[in-house]
Structure formats: C-alpha cells, structure tokens
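Remarks on the structure that follows.
Residue numbers (our numbering): 1193 to 1384.
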C-alpha cells in the first residue's frame, strides 16, 4: 500500500513539473511574440475601407490623428463577426474609463466579415448600440499591409503610440484581469 502511495506521489510530481514546463514555454513564446510586435510599425489603411457610423456618434476625433494614441480592435473573417458585434457595447464603458484619465485615444474597430455578408453585418452593427464608427475591410488590406499581425485572436487588440508602434496588447473586454492591466497601462500614460 505504501509503495502505491509513493508511486502516485511521484507521478503527480512529474505531472506538475511537466505542466509548469509547458506553461513556462508558452509564456516565453508569448513574451517573444510580444517583443517582436513591439518592434514593428503598424499601418492603418482606412482610406481603403468602408466606414459605418452609428446612429449617433458621441466621439469627436482629432484633426491630426498622429497626435493621439490609437486602439486597434481587429476582427478577421475567421472570427464570428456577429458574436463580436454583440459584445461591442462593452467598449463604450472601456472608452469612457480611458477618457476619464484624459488620454487622447482614437479607436479603430476593423472588421473583415465574410464576403457577401456586409449588409447583414451593417444591420447588426446599427443594432449593437456601439457609439463609435467601425471600418469594414472587405479587401483584407489591414492584414495585407500588416502581415506580422499574428493570426491568434489575443494579438488582434492593441494600442499604438503616436508613431504607430504597439505599446499594449490585450482586449480589456475579455475579462477583469485584462481590463485592470489596460487601466494600469492608461494610468502610466497619464503620468508620462
């Protein structure tokens, strides 16, 4: 009986070590990907996109967008566009919190819906109650001019500095931990 317990303990220890190693490897890989993304300049080809504006727009954008930080929220055709549209109203709260810090931030909601679904997409957007415009990228220009943007969804929301370099990666609408990290980032920006 004692040898069975010892054997089970050894197996559990080995499993814990393996789990820790996998986690450490994944974290190192994410850190490397993040460092790589911070080294590139992002282009925002909105002149090639269709703009859908909400029924009422509370945001007034600056004349010189190069003076502001930019939050890119990108959804490619692999993601469920209608699912993401349903979640868009959460951004109204995040944006209000950012504005409370006095940070000039422009928001670019870029969607690449499946071809032929643009009209349904626009109807769903108007029903979403998001108070900001979205850009429809039917020609996939955003991904073409920024091929380094990884296919993983966790890299599709990020903040650009005034030089269009990535300074924050993460979607604050996904969970409270990410929202808190984003608000900490915004607080640091305010102190600069």
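Heads up, the beta-carbon is just placed ideally off N, CA and C, and yes, glycines get one too.
Measure the alpha-carbon distance for residue 1306 versus residue 1313 and round it to whole angstroms.
If you number the chain shown from 1, residue 1306 lands on position 114. If you number the chain shown from 1, residue 1313 lands on position 121. Computed Cα separation, rounded: 9 Å.
If we ignore side chains and look at the alpha-carbon of each, how far apart do residue 1367 and residue 1286 end up?
The residue labelled residue 1367 in the question sits at position 175 within the chain shown. The residue labelled residue 1286 in the question sits at position 94 within the chain shown. Computed Cα separation, rounded: 12 Å.
Would you call residue 1347 buried or exposed, if buried means 16 or more other Cβ atoms sit within 10 Å of its Cβ?
The residue labelled residue 1347 in the question sits at position 155 within the chain shown. So residue 1347 ends up on the buried side.
Look up residue 1234 in the DSSP assignment and say whether it is helix, strand or coil.
Locating residue 1234 in the chain shown gives position 42, counting from the first residue. In the structure shown, residue 1234 sits in coil (DSSP, three-state: anything other than H, G, I, E or B).
Cβ atoms of residue 1232 and residue 1352: under 7 Å apart, would you say?
One-based indexing of the chain shown puts residue 1352 at position 160. One-based indexing of the chain shown puts residue 1232 at position 40. Against a cut-off of 7 Å, the Cβ pair of residue 1232 and residue 1352 comes out as no contact.
Output yes if chain D places a C-beta closer than 7 Å to the C-beta of residue 1368; else output no.
The structure shown has no chain D; it contains just one protein chain.
For a minimum of 3 consecutive residues, which ranges assigned as the beta strand (DSSP E) are wholly contained in the stretch 1284-1333?
Secondary structure in the stretch 1284-1333: the beta strand (DSSP E) runs of 3 residues or longer, each lying completely within the stretch, are 1297-1303 and 1326-1328 in chain order.
Below 7 Å CB to CB, which residues in the same chain sit around residue 1281 once its five sequence neighbours on both sides are set aside?
For the purposes of this step, residue 1281 is identified with residue 89 of the chain shown, where counting begins at 1. Closer than 7 Å at Cβ, skipping near neighbours: 1320, 1321 and 1322.
Consider the C-beta atom of residue 1321 and the heavy atoms of the ligand PLP; say whether any pair is separated by less than 6 Å.
The ligand PLP is not among the ligands present in this structure, which contains no ligands whatsoever.
Are the CB atoms of residue 1245 and residue 1358 within a distance shorter than 7 Å?
By one-based count along the chain shown, residue 1358 stands at place 166. By one-based count along the chain shown, residue 1245 stands at place 53. Their beta carbons are not under 7 Å apart, which means residue 1358 does not touch residue 1245 by this criterion.
Excluding the 5 residues preceding and the 5 following residue 1263 in the sequence, name in chain order all residues of the same chain whose CB lies nearer than 6 Å to its CB.
Here the question's residue 1263 lines up with position 71 in the chain shown. Around residue 1263: 1297, 1299 and 1351.
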